[in-house]
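Number 222 in full-length UniProt numbering belongs to position 222 of the sequence shown; there are no gaps in the numbering.
Idealized CB from N, CA, C, for every residue including glycine.
Remember, it's a predicted structure, so these values are computed and weren't measured experimentally.
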Amino acid sequence: MWKTVKNYYGNNKIELLITFCIFSNLYPYNIPGFVYYIGLALLGYKMSRYSVRMEQRYSIYVVFLAVVWLASIVNMALDLRLILFTAILVLCGPFVTSLRWHLFKKKLMRNFVIGFAGTVIISLIAKLQGVNNQIIRYGGSMTEFGGVDEFSGYAKFPMWNSAAAAMSIIFFSYLLFRNRGKNAKYQYFLLFMLLASVYVCLLSASRSAFGLAAVSSGLLFWWLSFNAKAIFKYLMVFGLIGVLSFPFFMKSAERMILKQETQKESGVTSRDALWNKRMAEFNSSPVFGVGYAVNGVGMKRAIGRDESGGSWIAILAQTGVVGFVVALILWLRTFTSVKKVKYDTEYVLMYAIFCFFTVHTVLEGYMFQGGWYMCVVCWMCVGVLSEAQMYRPQLMALSKQGNGV
């Protein structure tokens with residue numbers, strides 16, 4: 001096993017370094033913020049080493065960036081965050097690329113999902129040490145303010161933790177399904193990590209992240225199972241595990257249940273106020289929006305960091321109807337038949353992650369927050385999947401030759 005790890009490290013040094021830098025963004029209290037930008041700079045350096053070119057097939061991305069810039073110019077809201085978002089879209093998207101650059105991005109995406117597994121281990125360590133930055137940040141229990149003590153571990157927010165754990169659930173579900181019938185010890189390890197990921201996700205109390213991770217894992221289960229016997233076998237195994245571990249996981253889900261009950265009593269969800277703010281911004285400028293990274297209207301207008309409440313409503317508020325329609329077209333073009341990417345099961349994993357993002361971006365601001373590591377992961381996933389369709393003949397030929405990355 002250690003030999004395998006050593007070989008993997010030797011073949012993925014730069015990818016692991018970039019992953020560390022990008023994921024350092026999860027832990028702003030422990031790792032300096034500039035490390036994240038070093039990761040982006042390294043990604044840009046690697047891109048410069050490949051012969052990339054503009055792809056007319058995905059010129060819709062250029063149109064989207066043009067609309068985002070126009071919205072900011074019209075509203076006199078130019079900010080360095082706009083340059084950051086543009087850089088991320090160029091680095092990760094499918095409109096400036098090549099086959100070799102695609103293969104590198106695919107390899108990097110593989111390391112990203114391994115990075116999510118690392119965040120689960122870090123969260124378990126934080127739990128054992130009694131570290132919860134959510135409570136530390138507020139200087140006391142959230143129950144004193146009518147809230148719920150969600151678990152964030154070393155991360156700044158519980159939501160950051162839950163999203164990472166959800167991705168880890170999808171990843172280990174994929175590994176279990178792909179490696180069925182192989183080394184028993186390895187499968188036990190994968191099962192342990194899957195259950196650990198579920199545990200961390202429940203502690204972080206995000207109902208949407210946990211639910212969508214379960215659905216995405218179910219899709220993977222369906223796509224990667226070749227016969228009814230295999231499906232029945234996994235249903236029996238997970239059913240038994242579910243029954244045996246139910247008391248433990250119910251205790252872990254207490255925060256999630258309490259959060260649900262609190263919102264029922266108040267009649268207000270955690271996103272109602274945020275969505276009302278976004279709609280006020282949209283109503284003030286419905287055609288081109290209020291500009292990238294702008295929040296508030298009138299005397300309350302400001303440029304900078306703000307919780308968006310969701311990617312799509314942020315795009316609607318900041319770029320108006322024009323930007324929203326272009327972004328929707330761009331996103332819909334990524335959808336494809338699973339059969340078209342099933343020649344490589346890693347693309348099936350990425351498609352499951354894309355399905356997760358498709359729904360979860362309604363609730364979280366992945367797509368439009370360049371200062372957050374999940375923005376990079378989200379657009380990298382979209383870029384790699386789009387390129388997998390564009391380069392399908394070449395990639396299938398490489399796969400048959402055994403030269404794929």
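Cβ neighbour criterion (16 or more within 10 Å) applied to residue i
i	result
M76	exposed
F368	buried
Y186	exposed
R49	exposed
M350	buried
residue 443	The chain is shown from 1 up to 405; residue 443 falls before or after that span and cannot be answered.
T97	buried
F246	Caution is warranted here: a pLDDT of 47 is assigned to F246, below 50, making its placement in the model unreliable, and the coordinate value is therefore given only provisionally. F246 should be labelled exposed.
K105	buried
Y4	Note that residue 4 is Thr in the sequence shown, not Tyr. T4 is exposed by the Cβ-count criterion.
W101	buried
residue 407	In the structure displayed, the chain extends from 1 to 405; residue 407 sits before or after that span and is not available.
F34	exposed
Residue span of the alpha helix (DSSP H) that contains residue i, given as start and end
i	result
N11	2 to 11
R392	392 to 401
V359	345 to 360
Residue i and residue j closer than 7 Å at C-beta
i	j	result
A166	A213	yes
M109	M380	yes
R311	P94	Checking the displayed sequence, the identity of residue 311 turns out to be Ser instead of Arg. In this structure, P94 does not lie closer than 7 Å to S311 by Cβ.
W275	I313	yes
V382	T334	yes
E281	V290	yes
S308	G365	yes
F151	S204	yes
V348	W160	no
L202	L190	no
Q394	L103	no
A388	S216	no
Y154	Y27	yes
Original post:
Would you call the region 160 to 173 and the region 193 to 211 touching, i.e. three or more CB-CB distances under 8 Å?
Top reply: The region 160 to 173 vs the region 193 to 211: in contact.
Subject >> Residue ranges of each beta strand (DSSP E) within the region 11 to 64, 3 or longer >> reply: Those beta strand (DSSP E) runs which fall completely within the region 11 to 64 and span 3+ residues do not exist here.
**OP:** Please determine if the region 313 to 325 and the region 339 to 355 are in contact, where contact requires at least 3 C-beta pairs separated by less than 8 Å.
**Re:** The region 313 to 325, when compared against the region 339 to 355, does not touch it at the 8 Å Cβ threshold.
Original post:
In chain order, which alpha helix (DSSP H) runs of at least 4 residues are fully inside the region 128 to 211?
Top reply: Runs of the alpha helix (DSSP H) lying entirely within the region 128 to 211 and spanning at least 4 residues, in chain order: 133 to 138, 158 to 178, 184 to 203.
**OP:** Could you pull out every unbroken alpha helix (DSSP H) segment of at least 4 residues lying fully inside the region 260 to 324, listed in chain order?
**Re:** Listed in chain order, they are 272 to 284.
Original post:
In chain order, which alpha helix (DSSP H) runs of at least 4 residues are fully inside the region 73 to 126?
Top reply: Listed in chain order, the complete alpha helix (DSSP H) runs (minimum 4 residues) inside the region 73 to 126 are 80 to 92.
Subject >> Touch test, the region 14 to 25 against the region 60 to 67, Cβ-Cβ under 8 Å, three pairs minimum >> reply: Cβ pair count under 8 Å is below three, so no.
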